[in-house]
Amino acid sequence: MPHSGARGAHRGAAGTTTNPFLHHPAAAAAAARTRSTLMRSHPPLAAHLLLLSSSTRRAMASTAAVARAAGVAAAEYEEVLGRLSSLITQKVRAHSGNRGNQWDLMAHYVKILDLEEPIARMKVIHVAGTKGKGSTCTFTESILRSCGFHTGLFTSPHLMDVRERFRLDGVDISEEKFLKYFWWCWNKLKEKTDDDIPMPAYFRFLALLAFKIFSAEQVDVAVLEVGLGGKFDATNVVEAPVVCGVSSLGYDHMEILGNTLGEIAGEKAGIFKKGVPAYTAPQQEEAMVALKQRASELGISLQVADPLELYHLKGQHLGLNGEHQYINAGLAVALASTWLEKQGHKDRIPLNRTDPLPDHFIRGLSNACLQGRAQIVPDSQVNSGESINSSLVFYLDGAHSPESMEICAKWFSHVTNDDRRIPSSAEQSQSSKSLKILLFNCMSVRDPMRLLPHLLDASTQNGVYFDLALFVPNQSQYNKLGSNTSPPAEPEQIDLSWQLSLQTVWEKLLQDKGIDSANSSDTSKVFASLLPAIEWLRKNAEENRSTSFQVLVTGSLHLVGDVLRLIKK
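UniProt numbering numbers the first residue of the sequence shown as 1 and each following residue consecutively.
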């Protein structure tokens with residue numbers, strides 16, 4: 001569907017919205033017949049309606065046109081989501097065959113879209129990493145926006161709507177602009193691609209779309225989060241960013257990036273460019289050695305950005321929760337400061353690392369917002385009950401690596417530590433006013449034996465014991481991108497083998513720690529889909545209004561997004 005057709009179908013010559021139905025000959029004749037019949041059968045009523053016709057009919061026509069336009073826009077948006085879905089390859093994302101995967105095609109796509117010069121002119125901040133790269137990008141963008149710059153931010157994945165990936169001045173791109181730029185890119189690529197140069201895969205298309213959006217919107221700065229790795233990532237077509245950064249590194253996507261921290265760090269360092277300053281968060285020695293080696297080969301300096309301290313913020317709090325965010329904020333301050341200096345705004349950067357930050361830096365850090373990272377969302381449906389003590393609260397964090405599992409568990413323990421208890425005490429368990437529940441799933445390419453032990457160990461070490469673990473498939477695995485399609489209705493259609501294996505791993509961990517129950521159904525459950533799990537939680541919370549249900553949702557950003565979609569409806 002061409003963009004212009006969908007948007008321009010109901011525009012009059014003067015640019016005003018018109019109702020094509022009212023100008024159809026058959027419709028006009030029918031309207032005349034209706035008026036004639038009304039005059040004969042109900043003269044007073046007819047006279048009244050005719051008196052109102054000049055204003056009321058225009059209002060009714062306008063309302064109908066707005067509703068019709070909204071329907072057209074919704075249909076167009078669904079079509080766009082369908083076309084984006086068609087770009088998702090059938091190959092599992094973390095597959096050794098994806099390494100490089102004809103990365104040189106990106107240069108062809110950039111040329112087809114006439115983006116070579118716009119990308120070269122773009123003032124880019126490029127960030128790779130395993131943990132915290134999205135948070136680092138969010139902090140960086142917020143700082144520079146607070147300084148008065150027109151910002152563009154590209155992150156992944158999205159949680160509820162694909163437009164979340166593209167922020168302009170801190171706000172998701174509007175649907176109208178998204179559709180406009182989507183069709184511009186889609187039509188050009190469809191026209192020029194063939195068997196030798198196929199349509200770009202999903203993430204590559206989104207990266208190209210980001211470049212188009214940011215160039216067309218003439219942003220002062222584009223903050224780009226690497227999707228996966230660095231060297232072969234779609235965002236790495238930027239040849240001369242202003243500054244590069246690497247957030248904390250750990251073990252993730254090992255099927256693609258390598259089995260050691262050194263190998264993983266080498267892939268992340270693929271975003272380093274000759275003549276471009278680079279910063280890193282503090283790293284383990286093996287990773288730091290690899291980063292420094294790549295920097296040395298390019299003849300650039302690699303500086304370690306120290307984590308922020310509380311005094312830097314003059315009593316303010318970071319906009320993103322969790323102690324680990326001080327690491328990401330420290331890297332963001334270094335990246336934003338370097339960008340400002342390189343753009344000739346040295347007067348706006350911190351004078352040194354020991355004094356409190358300038359007010360515009362603090363304002364940016366405290367106003368930063370990113371869903372699905374250490375996010376606390378009370379369930380409005382349950383909490384709207386009569387009892388103020390009634391509560392069902394979701395603690396959402398998209399942690400999906402061993403290291404981030406530990407950080408997530410520490411955060412959850414910290415924010416819920418008012419209700420610590422020892423599980424071996426039956427008396428304390430019965431009198432407890434809170435229940436700690438884990439809602440978990442992870443992608444099948446990840447090893448649950450590398451994730452769940454870190455989560456459980458960090459939780460118990462910080463005094464938190466889960467009363468129950470729920471394992472569910474991601475809702476989005478049944479749906480095309482962004483659709484409201486429901487999962488299969490028949491239970492036999494749903495393959496729960498992965499969730500059952502996660503449950504088995506969990507029960508074995510509990511057994512090894514000596515905190516298992518005689519009946520596994522007392523400590524864990526598997527649900528065929530997310531909605532029944534949420535309904536089960538709501539039902540139990542409503543029936544036990546004196547108990548606080550504290551639900552940690554983690555293991556997958558996709559799961560976090562699915563939960564947010566359901567509880568925010």
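Each residue gets a CB set at the ideal place from its N, CA and C atoms; glycine is no exception. Please read these numbers as outputs of a predicted model, since none were measured by experiment.
Beta-carbon separation (whole angstroms), residue i vs residue j, contact threshold 8 Å
{"i": "F394", "j": "V563", "result": "6 Å"}
{"i": "V304", "j": "P277", "result": "Wrong, their Cβ atoms sit about 13 Å apart, outside the cutoff."}
{"i": "F211", "j": "I119", "result": "6 Å"}
{"i": "L559", "j": "L438", "result": "The Cβ separation is near 12 Å, so there is no contact."}
{"i": "P350", "j": "F361", "result": "7 Å"}
{"i": "V243", "j": "L335", "result": "5 Å"}
{"i": "G555", "j": "H345", "result": "Not really, about 41 Å apart at Cβ, beyond 8 Å."}
{"i": "L392", "j": "R538", "result": "6 Å"}
{"i": "L456", "j": "L509", "result": "5 Å"}
{"i": "L320", "j": "S135", "result": "5 Å"}
{"i": "E217", "j": "L168", "result": "6 Å"}
C-alpha gap between residue i and residue j, whole angstroms
{"i": "A374", "j": "D194", "result": "44 Å"}
{"i": "S248", "j": "I271", "result": "15 Å"}
{"i": "K436", "j": "L209", "result": "42 Å"}
{"i": "F154", "j": "D161", "result": "14 Å"}
{"i": "N540", "j": "G82", "result": "37 Å"}
{"i": "E76", "j": "T151", "result": "27 Å"}
{"i": "V472", "j": "S444", "result": "13 Å"}
{"i": "G262", "j": "A207", "result": "27 Å"}
{"i": "Q316", "j": "R145", "result": "18 Å"}
{"i": "F166", "j": "L87", "result": "18 Å"}
{"i": "A265", "j": "I125", "result": "19 Å"}
{"i": "D359", "j": "K314", "result": "9 Å"}
{"i": "H158", "j": "Q381", "result": "25 Å"}
{"i": "I112", "j": "Y181", "result": "15 Å"}
{"i": "V219", "j": "L566", "result": "34 Å"}
{"i": "K513", "j": "Q461", "result": "12 Å"}
{"i": "N187", "j": "A269", "result": "34 Å"}
{"i": "L189", "j": "A74", "result": "24 Å"}
{"i": "L496", "j": "E267", "result": "34 Å"}
{"i": "E239", "j": "N417", "result": "47 Å"}
{"i": "F549", "j": "I300", "result": "51 Å"}
{"i": "S85", "j": "E175", "result": "17 Å"}
{"i": "Y465", "j": "P307", "result": "30 Å"}
{"i": "T280", "j": "G229", "result": "15 Å"}
{"i": "Y251", "j": "T130", "result": "7 Å"}
{"i": "R545", "j": "E535", "result": "15 Å"}
{"i": "W121", "j": "C185", "result": "The sequence shown places Arg at residue 121, not Trp. Cα-Cα distance, rounded: 19 Å."}
{"i": "M199", "j": "Q325", "result": "38 Å"}
{"i": "I143", "j": "P356", "result": "15 Å"}
{"i": "A489", "j": "Q475", "result": "Note on A489: pLDDT 48, under 50, position unreliable in the model; no value is reported."}
{"i": "E79", "j": "A128", "result": "32 Å"}
{"i": "K123", "j": "L224", "result": "11 Å"}
Contacts around residue i, its chain only, beta-carbon distance under 6 Å, and the 5 residues preceding and following it disregarded
{"i": "L298", "result": "F272 and K274"}
{"i": "A26", "result": "Per-residue confidence for A26 stands at a pLDDT of 45, beneath the threshold of 50, marking its modelled position as unreliable; the derived number appears in the next sentence. Counting only Cβ-Cβ distances below 6 Å, and skipping sequence neighbours, we find nothing."}
{"i": "W103", "result": "F232"}
{"i": "A458", "result": "E406, A409 and K410"}
{"i": "V237", "result": "M106 and V110"}
{"i": "A469", "result": "L438, W506 and S524"}
{"i": "E286", "result": "L261 and G262"}
{"i": "I173", "result": "R163 and F166"}
{"i": "G561", "result": "L159 and M160"}
{"i": "F149", "result": "D220 and V221"}
{"i": "Y202", "result": "L87 and I88"}
{"i": "F214", "result": "G152 and A222"}
8 Å CB neighbourhood of residue i in its chain, flanking five on each side removed
{"i": "M449", "result": "V505"}
{"i": "A295", "result": "A269, F272, A278, S301 and L302"}
{"i": "G372", "result": "L159, L396, D397, G398, L557, V560, G561 and L564"}
Chain D within 7 Å of residue i, Cβ atoms only
{"i": "D220", "result": "Going by chain labels, chain D is absent from the structure shown, which holds only one protein chain."}
Close Cβ partners of residue i (< 7 Å) along its chain, the five nearest in sequence each way excluded
{"i": "W498", "result": "S444"}
{"i": "L500", "result": "V526"}
{"i": "N484", "result": "At N484, the pLDDT of 49 sits below 50, so the modelled position is not reliable and the matter cannot be decided from this model."}
{"i": "E234", "result": "The sequence as given places Ala at residue 234; Glu does not occur at that position. The residues are M106, F203, R204, A207 and G227."}
{"i": "K433", "result": "D419, S546, T547 and S548"}
{"i": "K192", "result": "I112"}
> Counting Cβ pairs, one atom from each stretch, are 3 or more of them under 8 Å apart for the region 128-143 and the region 362-370?
Replying inline: yes
>> Report the start-end ranges of each alpha helix (DSSP H) in the region 163-251 that is 4 residues or longer and not cut off at the edges.
In response: 175-192 and 202-216
> Between the region 330-347 and the region 104-117, do three or more beta carbon pairs fall short of 8 Å?
Replying inline: no
>> As an exercise, report each continuous alpha helix (DSSP H) stretch of at least 4 residues that is fully enclosed by the region 274-340, in chain order.
In response: 285-298
> Is it a yes or a no for the region 327-337 touching the region 402-413, going by three-plus beta-carbon pairs under 8 Å?
Replying inline: no
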